[in-house]
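Working notes, structure below.
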Amino acid sequence: MWKNSSNGTDDVWYGDWYLGVAQILPAVSIAVISVVGIIGNSLVICIVGRNRKMWTVTNLYISSLAMTDIMFLICCGVTTTTITLTADWLFGDFMCRFVAYMQLVTVQATCGTLTALTVDRYKVITMPLRSMAIRTTKKTMILIAIIWLGSLLLHIPIPIYTGVETDGDQHFCIRVFPNANADTVYLIYSLISTYLLPLAIVAVCSGLILRALWCQQEHSQLHKNKDEERVRRQKWRVTKMVFTVAGVFAICWAPIQMLNLWWLLDDNFPETAATHYFRYFCLCLSYSNSTMNPFVYALSGRKYRRYLRRLFRKKRQAKFSRGSITTTTTCNTTLTTSIKFHGENGRGDKPCIL
């Protein structure tokens, strides 16, 4: 069970409303979202990893996003589903610190990767020749590692100030800062670092990208250059996918971020059944962001669809070509059957609220 504590006062987010549908529906929703998201993002990583032609700069960023989504759903899905059903924290002190820490680390890594991906598209479109010299898979992997390291360092206070508290038979995973001001400062810091600042950078780069693409379109139409138009359309397809991923992130995370801000600024925040239901709706929406991304890649990227079909086609072929059966008759009319098998070819104060 999660609980917030500041200045010696406790605000309980779970109460007597845990009955019937109020427990089961949110738990099932979060569990289904998590399972679908983990499977979808695992397929993305599998497709990129198994096909060297997919080892591009953009796909490395997408693989990093898929990994953050998997880790986020594993950390949050299991714990939040269990808390919803039991109204108790069952995972001990270490997992309390670890899960609370990884929630913020994975979301921070997602924001950093989205920002880097958008800046990369800006360079490709506005500085194509220069970007060819500096845009390599090796440098991209180093940058992704830096993003992950920075995400780990930015939220070091979380495991320090988080732990399990017992109240009778109930256990709470709580975050307790030295004073209320520190708690407020950190919540604002998290809002800026995991939402507002990355999206501001993405918005600026997106505006510059759209302006550059518009100018390129006018130039290619003016000179009737079919090669330029073909290259521009190819760039636009990839850029549209990046815009979609960033837009889905902004929409899915906006309600939970606004709810956190409301809770922070309003001393009389209403602890009612309605706000609990709304909070779980916000949680499900934020989780669904990690589930939607693989569908965005599949719908926007022709290569993803092609390699996905090829992956499942190989699985089916391997399944149906698995054995050869040889039947022999011995002198005493006993039938012996031997089968030979061939091997296949071959991602707080409130749970997951930031």
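Per this note's numbering, the sequence shown runs over residues 7 to 360.
From the three backbone atoms N, C-alpha and C, an ideal C-beta is built for every residue, glycine too.
Note that the structure is predicted; figures quoted are calculated from it, not measured.
### Message
What residue range does the alpha helix (DSSP H) around Thr-200 cover?
### Response
Thr-200 -> no alpha helix (DSSP H), and no H or E assigned at all.
### Message
As a quick exercise: from Arg-319, Tyr-293, Arg-243, Tyr-313, pick the residue whose alpha carbon is nearest that of Thr-85.
### Response
Tyr-293
### Task
Can you tell me which of Thr-74, Phe-284, Ser-296, Thr-250 puts its alpha carbon nearest to the alpha carbon of Leu-305?
With distances taken between Cα atoms, Leu-305 lies closest to Thr-250.
### Message
Given this structure, state the Cα-to-Cα distance separating Gly-169 from Arg-103, to the nearest angstrom.
### Response
Our two residues, Gly-169 and Arg-103, have alpha carbons roughly 6 Å apart in a direct line.
### Task
Using a threshold of 7 Å, state whether the C-beta atoms of Ala-256 and Leu-202 are closer than that.
no
#### Entry: Short Cβ contact (7 Å threshold) for Tyr-167 with Val-191
no
### Task
For Val-137, collect the residues of the same chain with a Cβ closer than 6 Å to its Cβ; drop the 5 residues on either side in sequence, then sort them by chain order.
At residue 137 the sequence reads Ser, which differs from the Val that was named. Contacts found: Lys-129, Val-130.
### Inter-residue spacing [alpha-carbon to alpha-carbon] between Ile-30 and Val-254
27 Å
### Task
Leaving aside the five residues before and after Tyr-313 along the sequence, list all residues of the same chain whose C-beta is less than 6 Å from its C-beta, in chain order.
Ile-53, Asn-57
### Query
Assuming Val-208 and Leu-120 make a contact with CB atoms under 8 Å, what is their CB distance in whole Å?
6 Å
### Query
Touch check for the region 77-93 and the region 141-153: three-plus C-beta pairs under 8 Å?
They do not touch, by the three-pair rule.
### Message
Please tell me whether Gly-43 and Ser-296 are closer than 7 Å, where the distance is taken between their beta carbons.
### Response
yes
### Query
If you drop the 5 nearest sequence neighbours on each side, which residues of the same chain put their C-beta closer than 8 Å to that of His-177?
Met-7, Asp-94, Trp-95, Leu-96, Val-170, Glu-171
#### Entry: Where His-177 sits in the DSSP three-state scheme
strand
### Task
Mark Tyr-286 as exposed unless 16 or more other C-beta atoms lie within 10 angstroms of its C-beta, in which case mark it buried.
buried
### Residue from Val-248, Thr-88, Tyr-283, Val-302 whose Cα sits closest to the Cα of Thr-124
Val-248
### Query
Going by other Cβ atoms of all chains shown within 10 Å of its Cβ, with 16 needed for buried, is Val-111 buried or exposed?
buried
### Message
Taking the straight line between their C-alpha atoms, what separation do you get for Met-133 and Arg-127?
### Response
10 Å
### Task
Could you tell me how far apart the beta carbons of Ile-39 and Cys-290 are, in whole angstroms, since I believe they sit closer than 8 Å?
6 Å
### Query
Who are Glu-171's beta bridge partners in DSSP?
In the DSSP assignment, the residues bridged to Glu-171 are Phe-178.
### Query
What's the C-alpha gap between Ala-218 and Thr-245?
Each residue's Cα considered, the two are about 12 Å apart.
### Message
Just verifying my parser: in three-state terms, what is the DSSP assignment at Met-133?
### Response
coil
### Query
Exposed or buried, Gly-98, counting other C-beta atoms within 10 Å across all chains shown (16 or more means buried)?
Gly-98 is classed as exposed because its beta carbon has fewer than 16 other beta carbons within 10 Å across all chains shown.
### Message
Are the CB atoms of Arg-141 and Val-63 within a distance shorter than 7 Å?
### Response
yes
### Message
Quick check on the DSSP output: the alpha helix (DSSP H) that includes Ala-93 runs from which residue to which?
### Response
Per DSSP, Ala-93 belongs to no alpha helix (DSSP H) and is neither H nor E.
### Message
Quick check on the DSSP output: the alpha helix (DSSP H) that includes Phe-301 runs from which residue to which?
### Response
279-306
### Task
Mark Asp-173 as exposed unless 16 or more other C-beta atoms lie within 10 angstroms of its C-beta, in which case mark it buried.
With fewer than 16 Cβ atoms within 10 Å of its Cβ, Asp-173 is classed as exposed.
### Task
Tell whether a beta-carbon distance below 7 Å holds between Ala-106 and Ile-51.
Cβ distance not < 7 Å, so Ala-106 and Ile-51 don't count as in contact.
### Message
Which same chain residues end up closer than 6 Å to Pro-300 when comparing Cβ atoms and leaving out the 5 residues on each side of it in sequence?
### Response
Gly-46, Asn-47, Val-50
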